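Trainee: Dumping the structure here so I can ask a few things about it.
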Amino acid sequence: MVETRESDAEKRSMLRPGGRPSENHVPTEAEFEANPDAAGGRALLEARLRRLTPAQVEAFREAVRRCYAGAPPPEPSGPDRTERR
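In terms of this note's numbering, the sequence shown opens at residue 10 and continues consecutively.
The following block contains the structure:
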């Protein structure tokens with residue numbers, strides 16, 4: 010069994026009034042910033058994004074949008090679009 014230790018900030022961010030965990034709780038930006046692990050992860054992500062080309066950054070952001078939106082990728086448009094008949 011793998012044990013994990015939650016920080017106090019993590020525990021507080023997962024509790025709703027009354028002290029019970031909320032399954033649907035989405036941390037606020039302030040709660041996120043208070044979590045040292047989340048802040049460290051953000052710093053690591055930002056450092057990695059700085060090493061990418063603008064096209065790679067846009068591809069990454071588009072992939073994230075598709076994951077969270079649950080929508081299919083937009084159809085290509087413009088002169089490089091190939092038509093299937």
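Positions of the beta carbon are idealized from the N, C-alpha and C atoms, including for glycine. Bear in mind that the values here come from a model prediction, so they are computed numbers and not experimental data.
#1: Classify PRO85 as helix, strand or coil using the three-state DSSP reduction.
#2: The alpha helix (DSSP H) with VAL73 in it runs from where to where?
#3: Please list the terminal residues of the continuous alpha helix (DSSP H) segment that includes PRO130.
#4: So, under 8 angstroms CB-CB, ALA48 and GLU42 are touching, yes? Tell me the CB distance rounded to an integer number of Å.
#5: In the DSSP assignment, find the alpha helix (DSSP H) that holds ARG8 and state where it starts and stops.
Mentor: Well, looking at it:
#1: Locating residue 85 in the sequence shown gives position 76, counting from the first residue. In the structure shown, PRO85 sits in coil (DSSP, three-state: anything other than H, G, I, E or B).
#2: If you number the sequence shown from 1, residue 73 lands on position 64. Segment 63-78, the alpha helix (DSSP H) holding VAL73.
#3: Nothing can be reported for residue 130, as the shown portion of the chain is limited to 10 through 94.
#4: As a position in the sequence shown, residue 48 is number 39, starting the count at 1. As a position in the sequence shown, residue 42 is number 33, starting the count at 1. ALA48 to GLU42, Cβ: 6 angstroms. Contact.
#5: Examination of residue 8 is not possible in this model, given that the chain is present from 10 through 94 alone.
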